[in-house]
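Chemist: Per the working numbering, residue 26 is the first one in the sequence shown, and the count goes up by one each step.
Ideal Cβ placement from N, Cα and C applies to all residues, glycine included.
Keep in mind the model is a prediction, meaning the values are calculated, not measured.
Below is one structure. I have some questions about it.
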Amino acid sequence: MTPQQTHFEYLLRLGDNALILGHRLSEWCGHGPVLEQDIAMTNIALDQVGQARSILAHAGKVEGNGRNEDQLAYLRDAWDYRNVLLVEQPNEDFAFTIVRQFLFDVFNFYLHEALRESKDEQLR
């Protein structure tokens with residue numbers, strides 16, 4: 026695998042994590058325990074999908090095959106997604122969703138701290 030392919034795969038992992046988690050969180054839209062939590066969860070979902078869009082757009086440029094963020098997000102087979110299993114777990118109840126979000130946020134915090142040293146300026 027070339028460095029460019031490795032970089033592309035890494036970006037897919039980051040983008041897919043954000044995309045799948047964003048979609049899982051969006052399932053709470055209109056179903057949260059109280060209105061304030063419903064709106065907050067929907068906003069976090071939108072943030073995740075927006076982050077996925079940015080990362081997948083960058084991945085498309087790195088890949089160099091002319092695919093854009095929409096093609097990378099929605100025109101792949103299920104086995105081509107590279108997200109961690111945590112983000113695709115179904116929403117059992119609101120407490121489960123909050124714990125999943127906490128665990129992912131802790132992971133993401135340290136990941137983004139490390140990405141500040143990345144050679145890829147888009148990820149800094």
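What would DSSP say about D102, mapped onto helix, strand or coil?
Modeler: The residue you call residue 102 lines up with position 77 of the sequence shown. Residue state, collapsed to three classes: coil.
Chemist: State the DSSP-derived secondary structure class of K86, mapped to helix, strand or coil.
Modeler: Position 61 of the sequence shown, counted from the first residue, corresponds to residue 86. Note: K86 maps to helix in three-state DSSP.
Chemist: With distance defined between alpha-carbon atoms, name the residue in L97, E117, M66 and I45 nearest to G85.
Modeler: Working through the sequence shown from its first residue, we reach residue 85 at position 60. Closest option to G85, Cα to Cα, is L97.
Chemist: Assuming the contact rule is C-beta atoms closer than 8 angstroms, E94 and L81 should be a hit. Round their C-beta distance to whole Å, please.
Modeler: Position 69 of the sequence shown, counted from the start, is the residue given in the question as residue 94. Position 56 of the sequence shown, counted from the start, is the residue given in the question as residue 81. Correct: roughly 4 angstroms between the Cβ atoms.
Chemist: Rank E117, F129, Q29 and E61 by C-alpha distance to the C-alpha of I44 and give the top, closest one.
Modeler: Residue 44 sits at position 19 when you count from the first residue of the sequence shown. This sequence places Leu at residue 44; Ile is not what is there. Measuring from the Cα of L44, the nearest candidate turns out to be F129.
Chemist: Roughly how many whole angstroms lie between the Cα atoms of Y106 and D72?
Modeler: For this step, residue 106 is matched to residue 81 along the sequence shown. For this step, residue 72 is matched to residue 47 along the sequence shown. Taking the straight line from one Cα to the other gives about 20 angstroms.
Chemist: Touching or not, the stretch 41-59 and the stretch 107-127, by the rule of three or more beta carbon pairs under 8 angstroms?
Modeler: With a cut-off of 8 angstroms, the stretch 107-127 and the stretch 41-59 count as touching, because enough Cβ pairs lie within range.
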